[in-house]
Amino acid sequence: MTLLLDIRGLTTVIPTRKGPLTVVDDLTFTLESGQCLGLVGESGSGKSMACRSLLGLVPVADSTTSGQALYKSNDLAKLSETALTKIRGREIAMMVQDAVSALNPVWRIGDQITEAMLAHGITRTRGEARSRAVALMRQVGIPDPENRLDDYPHQFSGGMCQRVVIAAALACNPQLIIADEPTTALDVTVQDQILKLLIALQRDLGLGLLLVTHDMGVVAQSCQRVAVMYAGQIVEIADTPDLFTAPHHPYTQGLLDCIPRLDTAEDSLRLTPINGMPPDLADLPRGCRFHPRCPIATEACREGPIPLRETAPGRLSRCLRAEDMAARTLARVSA
Amino acid sequence: MTETPIIPTGRLPLLGSSVVRRLIGQRGAMVAGAAILIVIIGASFLAPWITPYDPLDQNLRGGLKPPSWEHLFGTDNFGRDIFTRVLYAAKIDLSISFLCVLFPWVLGTILGALAGYFGGFADTLIMRTVDTFTAFPFLIMAIGVIAVLGPGMTSIYIALTLAGWSMYARIVRAEVLVVKRAEYILAARALGFSHARIIARHVLPNIITPTIIFAMTDIVLVILSTTTLAFLGLGLPPPTPTWGTMISEGKSFIFTAWWIVTLPGLAIVLVGISLSLLGDGIADWLRNRE
Numbered sequence: 015m016t017l018l019l020d021i022r023g024l025t026t027v028i029p030t031r032k033g034p035l036t037v038v039d040d041l042t043f044t045l046e047s048g049q050c051l052g053l054v055g056e057s058g059s060g061k062s063m064a065c066r067s068l069l070g071l072v073p074v075a076d077s078t079t080s081g082q083a084l085y086k087s088n089d090l091a092k093l094s095e096t097a098l099t100k101i102r103g104r105e106i107a108m109m110v111q112d113a114v115s116a117l118n119p120v121w122r123i124g125d126q127i128t129e130a131m132l133a134h135g136i137t138r139t140r141g142e143a144r145s146r147a148v149a150l151m152r153q154v155g156i157p158d159p160e161n162r163l164d165d166y167p168h169q170f171s172g173g174m175c176q177r178v179v180i181a182a183a184l185a186c187n188p189q190l191i192i193a194d195e196p197t198t199a200l201d202v203t204v205q206d207q208i209l210k211l212l213i214a215l216q217r218d219l220g221l222g223l224l225l226v227t228h229d230m231g232v233v234a235q236s237c238q239r240v241a242v243m244y245a246g247q248i249v250e251i252a253d254t255p256d257l258f259t260a261p262h263h264p265y266t267q268g269l270l271d272c273i274p275r276l277d278t279a280e281d282s283l284r285l286t287p288i289n290g291m292p293p294d295l296a297d298l299p300r301g302c303r304f305h306p307r308c309p310i311a312t313e314a315c316r317e318g319p320i321p322l323r324e325t326a327p328g329r330l331s332r333c334l335r336a337e338d339m340a341a342r343t344l345a346r347v348s349a
Numbered sequence: 167m168t169e170t171p172i173i174p175t176g177r178l179p180l181l182g183s184s185v186v187r188r189l190i191g192q193r194g195a196m197v198a199g200a201a202i203l204i205v206i207i208g209a210s211f212l213a214p215w216i217t218p219y220d221p222l223d224q225n226l227r228g229g230l231k232p233p234s235w236e237h238l239f240g241t242d243n244f245g246r247d248i249f250t251r252v253l254y255a256a257k258i259d260l261s262i263s264f265l266c267v268l269f270p271w272v273l274g275t276i277l278g279a280l281a282g283y284f285g286g287f288a289d290t291l292i293m294r295t296v297d298t299f300t301a302f303p304f305l306i307m308a309i310g311v312i313a314v315l316g317p318g319m320t321s322i323y324i325a326l327t328l329a330g331w332s333m334y335a336r337i338v339r340a341e342v343l344v345v346k347r348a349e350y351i352l353a354a355r356a357l358g359f360s361h362a363r364i365i366a367r368h369v370l371p372n373i374i375t376p377t378i379i380f381a382m383t384d385i386v387l388v389i390l391s392t393t394t395l396a397f398l399g400l401g402l403p404p405p406t407p408t409w410g411t412m413i414s415e416g417k418s419f420i421f422t423a424w425w426i427v428t429l430p431g432l433a434i435v436l437v438g439i440s441l442s443l444l445g446d447g448i449a450d451w452l453r454n455r456e
């Protein structure tokens, strides 16, 4: 396993009429090849912005990205647009949220898969690109690829469009795939198929996969490690089983309490929501950003920025009371 | 995009199109327009075989003859056959008009796409230039440019391109502003395509239809403008036959020899009507297809 991504303190600020807005704050995580990292958080927590910041694709003019985003030995945050163009698609491929609208309506499916190969010079001739496109379409489970190559996107269902998007992302043999909510626009049965396909491809090809989602179920099913985002910050990173058994941040605990469980006693069937609303990024609370909604907040939580710190081997948390939480979980499990 | 985009249609009511269209129906109107235009273009190319005369040959003894079987449209004050001159002029007038729509379309589309796609300083620079150009009335601008450059074919192209490009730039910029936020543009960026490739292959194919629709209505205005410029003596210098110069030269004989002015004028009217019928038909078809 080689280290693909080493992100340290990546911060993206976009200018607004009300003043600068820090949409991604102190993003820190690592991702190895062959590893699937889940990035979870509710809508507006900065997941998509984090992905786009990595590739220099923040859709706002005059946004600034600082910090370090090492891909192999290149710092993505400092590369020029030209250098980034060579990495996007070729080394790191990102799949955007809505597969149906991610395909350009005026071009045939085949052209959309081959374009990346031709643009990055992976294949020399159109014929070569087309035969590779057929192979890719077969690999992602599109039936009858030879004929469907010449279809237009509107002739494809949502699930099939998502498969095409995956094929286009794989076209240049990237090392890392960033999948931004790949299953959100699909219905539940198709979601499951696409997720299984994505995980299978990632394992077979030994890719790094950054899977952005708001669905804890998806994370449990597919990711080795999880990073939880809240209000633009990562609040906890841990291996998936550790995170699910004993979260080290009350926000993670809150997210887990929102999942219906079938394996516990009857009295806990009632779901516990997280009280309150996520904060406005322009008007963040002082101290811990979660403290107004936190059931275990203390006076100390209201003071100063809280750093992301190691709370156990291989685990990071942005909570002052992480150890207390761990102790409480331990007590609950043993009781 | 199911809704018809609201685009400004021509600066001029389409010549009689609604009346004729009511008479022969929508599809029929388009076919009629195309048919008239094909006949005129065909005749202009086959002119040497259709008439026995040369458009420049003078016959001072046979001047100012009214229409007859020998001279279908009569002769002018130099004894030149007007029918022959109208046919030869058709080729010149139509090709000038076609290019004077093509050039502004290309220039306006490129600049509008750059302004819309990149935004910021490029947008400000290009769109304020557009504002400056739109501030001048179409013909005033064209006349001004030709007055500076001197009459000639190249001057006409430059003048009508400068006078006409700004509307295309506006349409294209507005469409690009919508399309550049589409997911497939972000997807294209995420796959590592250059800006040039994205504009050419992903933005322009999705926004080009409204500009073609506008060009279809614009061509009528352009043909009237080229003939107007010729009438004002800013077109091609004599003796080259163009409809505008023919009318201009014949205007002093309007009470004694009406055919010198009237028949080239009717040719302009006929081309104008056929172009607007055809243009309207194509524009409707493109709109429905969207």
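Chains as they are written, first to last, in the numbering used here: chain E, 15 to 349; chain P, 167 to 456.
Glycine included, every Cβ here is placed at the ideal spot set by N, Cα and C.
Here the structure is a predicted model, which means the values were calculated and not measured.
Per-residue DSSP class, three states only, for residue i
i, result
"Gln247 (chain E)", "strand"
"Cys50 (chain E)", "strand"
"Gly274 (chain P)", "helix"
"Tyr334 (chain P)", "helix"
"Leu330 (chain E)", "strand"
"Gln82 (chain E)", "strand"
"Arg239 (chain E)", "strand"
"Asp247 (chain P)", "strand"
"Leu315 (chain P)", "helix"
"Thr295 (chain P)", "helix"
"Asp242 (chain P)", "coil"
"Asp76 (chain E)", "coil"
"Asp289 (chain P)", "helix"
"Asp338 (chain E)", "helix"
"Asp223 (chain P)", "coil"
"Asp259 (chain P)", "helix"
The alpha helix (DSSP H) enclosing residue i, as first and last residue numbers
i, result
"Asp256 (chain E)", "254–259"
"Pro264 (chain E)", "264–271"
"Arg455 (chain P)", "425–455"
"Thr6 (chain E)", "The question about residue 6 (chain E) has no answer, for chain E in this structure spans 15 to 349."
"Met412 (chain P)", "409–416"
"Ile216 (chain P)", "213–216"
Cβ-based burial, residue i [other Cβ within 10 Å; buried from 16]
i, result
"Ile434 (chain P)", "buried"
"Pro264 (chain P)", "One point to set straight first is that residue 264 (chain P) is Phe, not Pro, in the sequence displayed. Classification of Phe264 (chain P): exposed, given that the 10 Å Cβ count is below 16."
"Arg97 (chain E)", "Reading the sequence as shown, one finds Ala at residue 97 (chain E) and not Arg. Exposed, because fewer than 16 other Cβ atoms sit within 10 Å of the Cβ of Ala97 (chain E)."
"Glu129 (chain E)", "buried"
"Cys302 (chain E)", "buried"
"Thr298 (chain P)", "exposed"
"Trp451 (chain P)", "exposed"
"Cys272 (chain E)", "exposed"
"Ile204 (chain P)", "exposed"
"Val114 (chain E)", "buried"
"Lys61 (chain E)", "buried"
"Asp39 (chain E)", "buried"
"Glu250 (chain E)", "buried"
"Val331 (chain P)", "Note that residue 331 (chain P) corresponds to Trp in the displayed sequence, not to Val. Buried, by the Cβ-count rule."
"Met291 (chain E)", "exposed"
"Val314 (chain P)", "exposed"
"Ala214 (chain E)", "exposed"
"Lys346 (chain P)", "buried"
N-terminal and C-terminal residue of the beta strand (DSSP E) that residue i is part of
i, result
"Glu324 (chain E)", "323–326"
"Asp194 (chain E)", "190–194"
"Val369 (chain P)", "No beta strand (DSSP E) contains Val369 (chain P), which DSSP labels as neither H nor E."
"Thr227 (chain E)", "222–227"
Residue i: contacting residues in chain E (beta-carbon distance under 8 Å)
i, result
"Asn372 (chain P)", "Asn118, Pro119, Val120"
7 Å Cβ cut-off: residues of chain E touching residue i
i, result
"Gly286 (chain P)", "Ala75"
"Arg363 (chain P)", "Ala133"
"Tyr350 (chain P)", "Ser115, Ala116, Leu117, Asn118"
Chain P residues whose Cβ lies nearer than 8 Å to that of residue i
i, result
"Ala340 (chain E)", "Correct list: empty, because the minimum Cβ distance to chain P is about 39 Å."
"Thr99 (chain E)", "Gly358, Phe359, Ser360"
"Ala130 (chain E)", "Leu357, Gly358, Phe359"
Neighbour list for residue i in chain P, Cβ cutoff strictly below 9 Å
i, result
"Gln153 (chain E)", "The contacting residues do not exist; Gln153 (chain E) stays about 18 Å from chain P at best."
"Ala107 (chain E)", "Ala356, Leu357, Gly358"
Partners in chain P for residue i, counting only beta-carbon separations shorter than 7 Å
i, result
"Ala182 (chain E)", "Leu357"
### Message
Quick check for students: name the residue ranges of the beta strand (DSSP E) that lie wholly in the segment 98–175 of chain E, counting only runs of 3 or more.
### Response
106–109
#### Entry: Segments of 3+ residues assigned as beta strand (DSSP E) that fall wholly inside the segment 15–66 of chain E
17–30, 33–46, 50–54
### Query
Of all the beta strand (DSSP E) runs that stay within the bounds of the segment 342–407 of chain P, which reach a length of 3 or more residues?
none
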